[in-house]
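So the protein lines, in turn, are chains U and Z.
Note that the first sequence covers residues 1 to 143 in this note's numbering.
Note that the second sequence covers residues 1 to 143 in this note's numbering.
Number of protein chains: 2
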Amino acid sequence: MPGLTIGELASRAGVNRETVRYYERRRLLARPPRTMAGYRVFPDDAVDRLRFIRHAQALGFTLEEIRELLGLRLDERSSCEQVRARATRKLADVEAKIAALKRIRRVLGRLVHACETRRPTAPCPILESLAAPDARARKEEVQ
Amino acid sequence: MPGLTIGELASRAGVNRETVRYYERRRLLARPPRTMAGYRVFPDDAVDRLRFIRHAQALGFTLEEIRELLGLRLDERSSCEQVRARATRKLADVEAKIAALKRIRRVLGRLVHACETRRPTAPCPILESLAAPDARARKEEVQ
DNA sequence: CTACACCCTGTATGCAGGTACAGGGTCAAG
DNA sequence: CTTGACCCTGTACCTGCATACAGGGTGTAG
Chain U
1 MPGLTIGELA SRAGVNRETV RYYERRRLLA RPPRTMAGYR VFPDDAVDRL RFIRHAQALG
61 FTLEEIRELL GLRLDERSSC EQVRARATRK LADVEAKIAA LKRIRRVLGR LVHACETRRP
121 TAPCPILESL AAPDARARKE EVQ
Chain Z
1 MPGLTIGELA SRAGVNRETV RYYERRRLLA RPPRTMAGYR VFPDDAVDRL RFIRHAQALG
61 FTLEEIRELL GLRLDERSSC EQVRARATRK LADVEAKIAA LKRIRRVLGR LVHACETRRP
121 TAPCPILESL AAPDARARKE EVQ
């Protein structure tokens, strides 16, 4: 018999029960059907949805943005063009985030490599370009 | 003549003056030298540092994590091994973020493409896999 | 039937990350 | 030497995102 109570859902997704209700209020989760007693009954895939929300948050999306992302799957044929436009915009956001993270990754990778291969007398190299993704001039200040 | 007042710095970096002071308290910015009157005098590259902070925040790093990232450039030769370890850990964080964003990108890309190529009578396709980042890539999950 | 672990709504509280004064000093232009 | 735009410290307040009760109902094992 499919259907989760709020407690089962919360523990499967690794979130607090209150957080589930909070997401429902914020409309990141659809209002689920209820039992006669008023208990929420969630579909099994609500677990995936919750996990997606947590992942997306860790990537810097706000709950509002995540709601929009999730909203992209609920559209009717009439709104297809609008959905495509929103998806395209989100895609651009995601591309930008990936590019920025890749810059950070490159700099961190160089730092690790330089630290591994440094000659004993050399000081650990300064991570000069971390502070400015698109600029590169730097000197060091000792706090 | 190098050196910025807090107001100049804030407007160049596009942040609030109070935010600059807040970051100084949180030690994301070094305490700058002062004039005789007690005014802060920031080096020009503080602008880059502030911009980096904003970028990193948009990518889901907390201020504390950003402080650590920025701290990687201030090390002395004595702490090289420790710096390498921290950089390696951060690198793993960044890799994970990139991987998660790529999953989202793939799904969004498919959605856009499907919307573009759908036949007029077909309903706009449902983005069913958005709620579960990637069925294949999800057996273990660490946060 | 009662104990206990759940569920409900509603409101209050907490933490991170800012933002906004209050009350006061600095300084260049007019 | 006053005016206005800045700066200082300190503290209070706000928003987003939860999290924690309070006060009460539900349901099932013993």
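Ideal Cβ placement from N, Cα and C applies to all residues, glycine included.
Remember, it's a predicted structure, so these values are computed and weren't measured experimentally.
For residue i, go through chain U and note every residue whose CB falls closer than 7 Å to its CB, in chain order.
{"i": "L111(Z)", "result": "L72, A87"}
Applying a beta-carbon distance threshold of less than 8 Å, which residues of chain Z neighbour residue i?
{"i": "A58(U)", "result": "G60, K97, A100, Q143"}
{"i": "R105(U)", "result": "L91, V94, E95, I98"}
Do residue j and residue i come within 9 Å of each other at the CB atom, strictly closer than that value?
{"i": "L101(U)", "j": "I98(Z)", "result": "yes"}
{"i": "L4(Z)", "j": "L70(Z)", "result": "no"}
{"i": "L72(Z)", "j": "L108(U)", "result": "yes"}
{"i": "V41(Z)", "j": "R12(Z)", "result": "no"}
{"i": "R54(Z)", "j": "V15(Z)", "result": "yes"}
{"i": "R86(U)", "j": "E68(U)", "result": "yes"}
{"i": "Y152(U)", "j": "I6(U)", "result": "What is shown of chain U runs 1 to 143, which leaves residue 152(U) out entirely."}
Chain Z partners of residue i, CB-CB under 7 Å?
{"i": "R31(U)", "result": "Residues of chain Z passing the Cβ test: none, with the nearest at roughly 17 Å."}
{"i": "L108(U)", "result": "A87, K90, L91, V94"}
On the premise that residue j lies in contact with residue i, defined as a C-beta separation below 8 Å, what is that separation, rounded to the nearest angstrom?
{"i": "V112(U)", "j": "R84(Z)", "result": "6 Å"}
{"i": "R34(U)", "j": "L91(Z)", "result": "Going by Cβ atoms, the distance from R34(U) to L91(Z) rounds to 47 Å, so no, they are not a contact pair."}
{"i": "Q80(U)", "j": "C115(Z)", "result": "Correcting the residue type first, residue 80(U) is Cys in the shown sequence and not Gln. So it is a contact: roughly 5 Å between Cβ atoms."}
{"i": "R17(Z)", "j": "E24(Z)", "result": "Their Cβ separation, rounded to whole angstroms, is 11 Å, which puts R17(Z) and E24(Z) out of contact at 8 Å."}
Within the present structure, is the beta-carbon of residue i separated from the nearest heavy atom of the ligand ATP by less than 8 Å?
{"i": "Y23(Z)", "result": "Within the structure as shown, the ligand ATP is missing, as the structure has no ligands at all."}
What residue ranges within the region 33-118 of chain U form continuous alpha helix (DSSP H) runs of no fewer than 4 residues, ordered along the chain?
Correct list: 46-58, 63-71, 80-117.
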